[in-house]
Structure formats: C-alpha cells, structure tokens
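Asker:
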Amino acid sequence: MNKLDELLSCLTKKHVIVQTHNYPDQDALASAVGLKALLEARGKKVRIGYEGIVDKDNTLKMMELLEIECYLSDQLNLTPEDEIIIVDGQKGNINMTDLVGDEVACIDHHKVRRGENYKFSDIRDDVGACASIIASYFFENDMPIPENVATALLYGIKMDTHNMTRSVSVLDLDMFSRLFPMANHEHMKTLENSCLKIEDLEAYRTAIDTLHVEEGVGVAAVGAGCSEALIASVSDFLLTLSSVQITLVHSYRAGGVKFSVRSEVERYDASDMIADALEGFGDGGGHSDMAAGFIPNVPDEHMAQEYATTVKERFIKRVCAEN
Numbered sequence: 071m072n073k074l075d076e077l078l079s080c081l082t083k084k085h086v087i088v089q090t091h092n093y094p095d096q097d098a099l100a101s102a103v104g105l106k107a108l109l110e111a112r113g114k115k116v117r118i119g120y121e122g123i124v125d126k127d128n129t130l131k132m133m134e135l136l137e138i139e140c141y142l143s144d145q146l147n148l149t150p151e152d153e154i155i156i157v158d159g160q161k162g163n164i165n166m167t168d169l170v171g172d173e174v175a176c177i178d179h180h181k182v183r184r185g186e187n188y189k190f191s192d193i194r195d196d197v198g199a200c201a202s203i204i205a206s207y208f209f210e211n212d213m214p215i216p217e218n219v220a221t222a223l224l225y226g227i228k229m230d231t232h233n234m235t236r237s238v239s240v241l242d243l244d245m246f247s248r249l250f251p252m253a254n255h256e257h258m259k260t261l262e263n264s265c266l267k268i269e270d271l272e273a274y275r276t277a278i279d280t281l282h283v284e285e286g287v288g289v290a291a292v293g294a295g296c297s298e299a300l301i302a303s304v305s306d307f308l309l310t311l312s313s314v315q316i317t318l319v320h321s322y323r324a325g326g327v328k329f330s331v332r333s334e335v336e337r338y339d340a341s342d343m344i345a346d347a348l349e350g351f352g353d354g355g356g357h358s359d360m361a362a363g364f365i366p367n368v369p370d371e372h373m374a375q376e377y378a379t380t381v382k383e384r385f386i387k388r389v390c391a392e393n
C-alpha cells in the first residue's frame with residue numbers, strides 16, 4: 071500500500087476532521103485543503119478545524135480566493151469518537167491544542183520531540199513544506215488535482231520554503247515543478263501582493279528601534295499583540311542583515327511571549343536552540359533553520375520583557391558555546 075492507502079486503512083468513520091496547528095499559516099491550510107480533497111475523492115466527508123485566528127492578509131486572501139472552508143474547533147461539536155488527522159504539527163506541541171477526539175494520524179515535516187502513538191504517521195523533517203508531502207499523495211495515486219488545490223499546495227510550498235531558499239528538499243522541488251503548470255497564477259500574483267498591512271510597518275519600526283546584535287544574534291521586540299505571521303516576517307527580515315546569522319524576535323501576545331527564530335548557519339539549530347532557551351518556561355521547536363516558541367501564562371508586558379531577557383541570555387550563551 072502507498073501512504074494514502076495506509077492512511078485510509080486506519081480510518082473507521084465516514085466523517086473525518088483535519089486539524090492544523092493553531093493560528094494556521096499558508097502551508098498548514100494548503101496541507102489541510104489538499105488532504106481534504108484526497109479523502110473526499112475516496113468517499114470521506116471532511117471538515118478542517120483549527121484554534122486561534124487567521125490574521126495575516128495573504129492567508130485570509132488565500133482562503134477567500136481558493137474557497138478554503140475552515141472551522142474553529144468550537145464550531146465542530148466534536149465528540150471523543152471523532153477521528154482527527156493532524157497536519158503540519160504534532161500532538162503535544164505547544165501550538166497544537168488537544169481537541170476532543172481521537173488523533174488517529176499525523177502528517178508533518180517538523181522534528182519529533184515527543185512520541186505519540188498514531189495509527190498512521192508520515193513525519194518527514196527533511197522536507198521543507200508539509201504541502202509537498204500531501205501533494206506527493208496525488209501523484210503517487212495518479213489522482214487529478216483541482217486548480218484551487220494545486221494553487222494552494224504550490225503557494226504553501228513557496229511560503230514555507232521562503233521562495234524555495236530554505237530547507238528545500240528534492241521532494242519540494244519535484245512537487246513545485248509538477249504543481250506549477252496546474253496552478254492559477256493570477257491568484258498567485260494576488261497573494262504575493264497581499265503580504266502586509268500599513269499598520270504592520272509599526273512592528274518593523276519597533277524591531278529596528280530595539281534591535282540588539284551580539285555574537286551574530288539579532289534580538290528584537292516587535293511590540294505587543296503581533297500576529298505569529300508578522301513576528302516570523304520580521305525575523306526573516308532581520309536575517310538579511312550582513313552582521314546577523316541567527317534571529318530571536320519576540321512579542322507579548324495571547325497572555326504569553328511568542329518567539330520566532332531564524333538561522334542561516336548549520337551549527338546553530340534553531341529548533342534545538344529555542345527549545346533549550348525556553349526550558350522551564352515554555353516550549354519550542356520547528357526546523358534547523360526556522361523555529362518558534364511560546365511561554366504561556368505571562369501576566370503583563372513587564373514580566374514578558376524579563377522572560378525575553380533571560381531567553382536572549384541563554385541564546386547568546388549557547389551561540390558562544392557553539393563557536
């Protein structure tokens with residue numbers, strides 16, 4: 071059996087929930103809508119569920135243009151018997167809410183940080199985008215890909231590999247080239263031009279004003295209440311500085327401190343570094359060149375800054391040890 075057959079063999083119910091990580095990004099939504107199309111072509115009824123909000127302009131535009139229908143978890147009326155497939159994340163991660171239901175399967179491209187007993191798992195941490203894994207299921211089964219699904223998958227790959235420059239595997243390249251002629255490129259162009267709102271520029275201003283560079287680490291705050299996507303965008307932006315090899319950007323949001331990490335040096339594993347820096351406070355993970363973390367239950371911005379200072383000190387100490 072191929073991967074799709076294996077997945078289907080572990081599903082016992084007609085109705086299935088596909089769950090993305092909280093505050094889903096383009097890759098998570100692309101993976102979810104792709105898997106939904108695959109399962110529905112095989113007779114399943116599928117709904118996509120998530121926690122948090124979708125708050126980046128190009129992600130919202132993606133949902134509108136490509137007619138991606140998603141539900142907040144409290145709209146799904148889940149029961150313990152509902153079967154859930156997790157995409158672009160793993161059970162137990164700090165950005166993956168444990169919903170009511172049975173997580174029978176997981177398809178992801180992040181490092182495994184804790185073991186979970188799924189009936190089916192396809193976790194490939196050497197792949198740049200989860201959408202590439204989902205796309206491969208279509209081609210392995212010689213299944214047609216609707217234009218809106220091909221466009222979503224192509225866009226998900228493009229965004230999570232930072233325009234095919236980060237964590238790109240042979241599978242990402244193969245899926246990108248196969249999906250490219252199937253996608254709607256007018257929609258792709260619209261999505262490319264819907265990245266920032268005017269008010270987002272304030273986060274960049276704050277990051278520039280607070281930027282501290284030490285031992286090649288660029289540390290910056292972006293102000294309170296920034297979306298995960300905006301924090302990540304600023305982190306990418308700071309990495310373009312010639313004096314910065316790894317970034318640590320933070321924001322006080324949702325009652326905690328959110329961190330985004332980027333690394334362009336192989337010996338600085340972003341996933342391991344943020345996990346170590348947050349030990350005892352929160353949790354983090356991701357990939358060797360991009361990762362994120364969160365410290366929950368932080369009462370105010372003053373305490374958030376104290377945590378951020380401690381995490382920065384741990385981060386720089388780790389970098390010094392790696393040199």
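Using the working numbering, read the sequence shown as starting at 71 and increasing by one per residue.
All C-beta atoms, glycine included, are put in the ideal place defined by N, C-alpha and C.
The structure presented is a predicted model; accordingly, all values stated were derived computationally and were not measured.
For V174, tell me which candidate among V182, I193, I164 and I154 has the shortest Cα-Cα distance.
Answerer: Checking every option, the nearest Cα to that of V174 belongs to I154.
Asker: What is the residue span of the alpha helix (DSSP H) that D195 lies within?
Answerer: Counting along the chain, D195 falls outside any alpha helix (DSSP H), and DSSP gives it neither H nor E.
Asker: Using three-state DSSP, classify G372 as helix, strand or coil.
Answerer: Checking the displayed sequence, the identity of residue 372 turns out to be His instead of Gly. Three-state result, H372: helix.
Asker: By a C-beta neighbour count over all protein chains shown, 10 Å radius and 16 as the cutoff for buried, is C296 buried or exposed?
Answerer: With 16 or more other Cβ atoms within 10 Å, it is buried.
Asker: For H357, report the span of its alpha helix (DSSP H) as first-last.
Answerer: Careful: H357 lies outside any alpha helix (DSSP H) and carries neither H nor E.
Asker: Checking the sheet assignment: what are the DSSP bridge partners for H282?
Answerer: Per DSSP, V289.
Asker: Buried or exposed for G325, please, with buried defined as at least 16 other CB atoms from any protein chain shown within 10 angstroms of its CB.
Answerer: The residue is exposed, with fewer than 16 neighbouring Cβ atoms inside 10 Å.
Asker: Once you ignore the five residues that flank L146 on each side, which residues in its own chain have a CB closer than 7 Å to its CB?
Answerer: Once the five neighbours on either side are set aside, the close Cβ partners of L146 are I87, R117 and G119.
Asker: Would you mind giving the Cβ-Cβ distance between P216 and A100, rounded to the nearest angstrom? I have them listed as a contact below 8 Å.
Answerer: No, P216 and A100 are not in contact; Cβ-Cβ is about 13 Å, not under 8 Å.
Asker: When the Cβ atoms of the region 188 to 197 are set against those of the region 217 to 229, are three or more pairs found closer than 8 Å?
Answerer: No: the two stretches stay apart, fewer than three of their Cβ pairs being nearer than 8 Å.
Asker: What is the rounded straight-line gap between the Cα of K126 and the Cα of T235?
Answerer: Straight-line Cα distance between these residues: approximately 22 Å.
Asker: If contacts are defined as beta-carbon pairs under 8 Å, then V314 and G286 qualify, I think. What distance do you get, rounded to the angstrom?
Answerer: Yes, they are in contact, since the Cβ atoms of V314 and G286 sit about 6 Å apart, within 8 Å.
Asker: In the DSSP assignment, find the alpha helix (DSSP H) that holds D342 and state where it starts and stops.
Answerer: Per DSSP, D342 belongs to the alpha helix (DSSP H) from A340 to A347.
Asker: Check H85 in the structure and name its three-state DSSP category.
Answerer: In this structure, H85 counts as strand in the three-state DSSP scheme.
Asker: For A253, I'd like the list of residues in its chain whose CB is within less than 6 Å of its CB, leaving aside the five on either flank, ordered along the chain.
Answerer: Closer than 6 Å at the Cβ level, and outside the excluded window around A253, lie A220, T221 and L224.
Asker: Name the residue from H257, S206 and N218 whose alpha carbon lies nearest to the alpha carbon of L243.
Answerer: Of the listed residues, the one whose Cα sits closest to L243 is S206.
Asker: Which ranges does the beta strand (DSSP E) cover as unbroken runs of at least 3 residues, wholly within the region 107 to 188, from first to last along the chain?
Answerer: Whole beta strand (DSSP E) segments, 3+ residues: 115 to 120, 140 to 142, 153 to 157 and 172 to 178.
Asker: Among S312, K267 and I316, which has the Cα closest to the Cα of A290?
Answerer: Minimum Cα distance to A290 is reached at I316.
Asker: Is R323 helix, strand or coil when you go by DSSP?
Answerer: Three-state result, R323: strand.
Asker: Take L241 as the anchor and find which of G352, A102, E269 and A199 has the nearest alpha-carbon.
Answerer: It is A199.
Asker: Alpha carbon to alpha carbon, how far is R248 from F208?
Answerer: Rounded to whole angstroms, R248 to F208 spans 11 Å at the Cα level.
Asker: Apart from the five residues on each side of it in sequence, which residues of its chain come closer than 6 Å, Cβ to Cβ, to S305?
Answerer: Result list for S305: T317, V319, S330 and R332, in chain order.
Asker: May I have the straight-line CA-CA distance separating Y188 from C176, to the nearest angstrom?
Answerer: Their backbone Cα atoms lie some 7 Å apart in a straight line.
Asker: How is the alpha helix (DSSP H) around R248 delimited, first residue to last?
Answerer: It spans V240 to L249 - the alpha helix (DSSP H) in which R248 sits, taken as one unbroken run.
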